[in-house]
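Just add 1 to the spot in the sequence shown (first one is 1) and you have this note's numbering. Just so you know, even glycine gets a beta-carbon here, dropped at the ideal spot from N, CA and C.
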Amino acid sequence: MLSSKVIHVDGVFLGTAIMSGSLSTLRFYATHESVRALHNACMPDFGVLYAQVKSLFNRSRLLTPQVA
2 MLSSKVIHVD GVFLGTAIMS GSLSTLRFYA THESVRALHN ACMPDFGVLY
52 AQVKSLFNRS RLLTPQVA
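So this is what it looks like as structure tokens:
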């Protein structure tokens, strides 16, 4: 691991983008159940990875019933 960046949306920690070795790609380590589908996904750009994680997280919040 060369470096990493925390990914959070609206104060919720979702996981970490990890830059590793000779590959100039980022691997996502999911820590939140709502983005588990992207665990170990590799993408070339942090912005693209962040957008995917945020989209999946927001979609899961829309589908989850809110307690009043």
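Pairwise C-alpha distance: residue j and residue i
i	j	result
Ser4	Leu64	33 Å
Cys43	Asp11	23 Å
Arg62	Pro45	26 Å
Arg60	Ser35	9 Å
Ser25	Ile8	18 Å
Met20	Leu27	5 Å
Residues that DSSP places opposite residue i in a beta bridge
i	result
His9	Phe14
Tyr30	Thr17
Ser4	Met20
Whole-angstrom C-beta distance between residue j and residue i, which should lie under 8 Å
i	j	result
Ala38	Leu57	6 Å
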